[in-house]
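Peer 1: Encoded as C-alpha cells, here's the structure I'll be asking about.
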Amino acid sequence: IRIKQGETVNSYTSKRKQAAYPNNEKVRGFKIDIRLLLEYENHEIDLCAGEVAINSNDVDKLIHDRSKCLREAKEIVDHHLEAGMKNVVGWTLQITGLEACLMSVHLYREGLYVAI
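Using the numbering used here, the final residue of the sequence shown is 139, and nothing's skipped along the way.
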C-alpha cells in the first residue's frame with residue numbers, strides 16, 4: 024500500500040467519464056490531491072481518495088471538495104464491484120485546515136449508494 028499525492032487522476036474514473044462523453048476526447052477524471060493505492064500485479068487499485076485545503080473559510084471550495092471526494096469513493100466502489108469483489112467500501116478523506124473528515128461509501132442496494 025502506498026500514497027500517491029499531488030493532483031493525480033484515477034484511470035478508472037477517466038475511462039468511465041470518457042464513456043459518458045464519447046464525442047469529447049479530452050475528458051479526464053478529477054484531479055485528486057491524495058490517493059491511497061494497493062499495488063497488485065502491476066496495477067494500481069484505489070482504496071481511498073482525498074482532498075486537502077489550507078483555508079477552511081472558503082465554503083464553496085469545501086462543498087466542491089466534499090462532493091468530489093464522494094464521487095471518487097463511489098468510483099472506487101464501482102471499480103471493485105466490476106472486478107468481482109463483494110462487500111466493498113470506497114474510502115475518502117477531506118482535510119481542511121486542522122480538521123479532517125474520513126468518510127466511506129457503500130452500495131446499499133442496486134443503484135443506491137450511502138455515504139457514512
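Built from N, CA and C at the ideal position, the CB exists for glycine as well.
Measuring only the C-alpha atoms, how far is D83 from A106?
Peer 2: If I take the Cα positions, the gap works out to 35 Å.
Peer 1: Pick helix, strand or coil for Y44, following the three-state DSSP scheme.
Peer 2: Note: Y44 maps to coil in three-state DSSP.
Peer 1: Between the region 42–54 and the region 111–118, do three or more beta carbon pairs fall short of 8 Å?
Peer 2: Short answer: they don't touch.
Peer 1: Would you please state the rounded distance, in angstroms, between the beta carbons of M60 and L70? I believe it to be under 8 Å.
Peer 2: Note on residue identity: the sequence assigns Leu, not Met, to residue 60. About 7 Å; that satisfies the 8 Å criterion.
Peer 1: Would you tell me roughly how many angstroms separate the C-alpha atoms of E62 and S34, rounded to the nearest one?
Peer 2: Between E62 and S34, the C-alpha separation is close to 14 Å.
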